[in-house]
Amino acid sequence: MLTTLKTVYTDTRAEDLAWALGREPLPALATLDLELAAARLQLRLLGASHQVLLEEEQGSCSETVACIPGSSTPLPLGVSKRVGDWEYEFAARVETLSRGQFAGRAQELLALVTEHPHGLAGVFPGSPHAFTALLAQRHEGSVMWRTWHAYPQEGQLVATRSKVGVRAPLPA
7 MLTTLKTVYT
17 DTRAEDLAWA
27 LGREPLPALA
37 TLDLELAAAR
47 LQLRLLGASH
57 QVLLEEEQGS
67 CSETVACIPG
77 SSTPLPLGVS
87 KRVGDWEYEF
97 AARVETLSRG
107 QFAGRAQELL
117 ALVTEHPHGL
127 AGVFPGSPHA
137 FTALLAQRHE
147 GSVMWRTWHA
157 YPQEGQLVAT
167 RSKVGVRAPL
177 PA
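Counting from 1 along the sequence shown, just add 6 to a position and that's the residue number in the numbering used here.
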């Protein structure tokens, strides 16, 4: 699903993004509700940021990547945590691309996400390459999602990958 976001583009630098786990739902500009087997997932666009809310029998989990005022947790390269009965994994990377590379990559990603039944993308007014996109799937008992935050003015693309799965029992 592709939408044009009705907001001012405020998260203007990749280094302004912060990561948080367990935050309450924040006001969203666009959402996509999904049922992936026994998991209920809500993909949320928060301006140039995202939030994913996950609910399963084992509990709930939320991930936020956004400019969070007062946050002291910058965007980490990787996180692995236990959240209740789940294992949570997060990874992020920042790509710096030339203007031509950026435009091509932006078009490729927007096409991938908007054509996928579990994808949500929001484009900001003023630039077809200023967007935030999320794509979710379920694979072998885990729920996974990928996100992209585009900063065309700097030629930077922030890509994240997250995975939540039931914690394997310890061997006897």
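Think of the CB as a built atom: it goes at the ideal place given N, C-alpha and C, for glycine as much as any other residue. Since the structure is predicted, the reported quantities are computational estimates derived from the model, not experimental observations.
Using a 10 Å radius around the Cβ and a threshold of 16 neighbouring Cβ atoms, would you call residue i buried or exposed?
i, result
"P75", "exposed"
"P131", "exposed"
"P158", "buried"
"S168", "buried"
"L11", "buried"
"A117", "exposed"
"H145", "exposed"
Do you know whose CA, among the options, lies nearest residue i's CA?
i, options, result
"C73", "L11, V170, H56, T166", "H56"
"E63", "L52, E69, A43, T70", "A43"
"P31", "E41, K12, S68", "S68"
"A26", "R105, A97, V71", "V71"
"R105", "W92, D39, A36, G161", "G161"
"A109", "G128, F137, V85, T37", "F137"
"V58", "G90, Y94, P82, R88", "Y94"
When DSSP labels each residue in this structure, what does residue i get in the three-state scheme?
i, result
"F108", "helix"
"T120", "helix"
"A136", "coil"
"Q64", "coil"
"L115", "helix"
"E69", "strand"
Which first and last residues belong to the beta strand (DSSP E) in which residue i is found?
i, result
"E95", "92-102"
"L40", "36-42"
"M7", "That residue, M7, is in no beta strand (DSSP E); it is neither H nor E in DSSP."
"G171", "162-172"
"L51", "45-52"
"L27", "24-27"
"R152", "148-157"
"A127", "125-129"
"R88", "84-89"
Measure how close the beta-carbons of residue i and residue j come, nearest whole angstrom, since I'm counting them as under 8 Å.
i, j, result
"R46", "A34", "Contact doesn't hold; Cβ gap of about 16 Å is too wide."
"P80", "A156", "P80 to A156, Cβ: 19 Å. No contact."
"T166", "F96", "7 Å"
Does any residue of chain D bring its CB to less than 7 Å from the CB of residue i?
i, result
"S66", "This model lacks chain D altogether; it includes just one protein chain."
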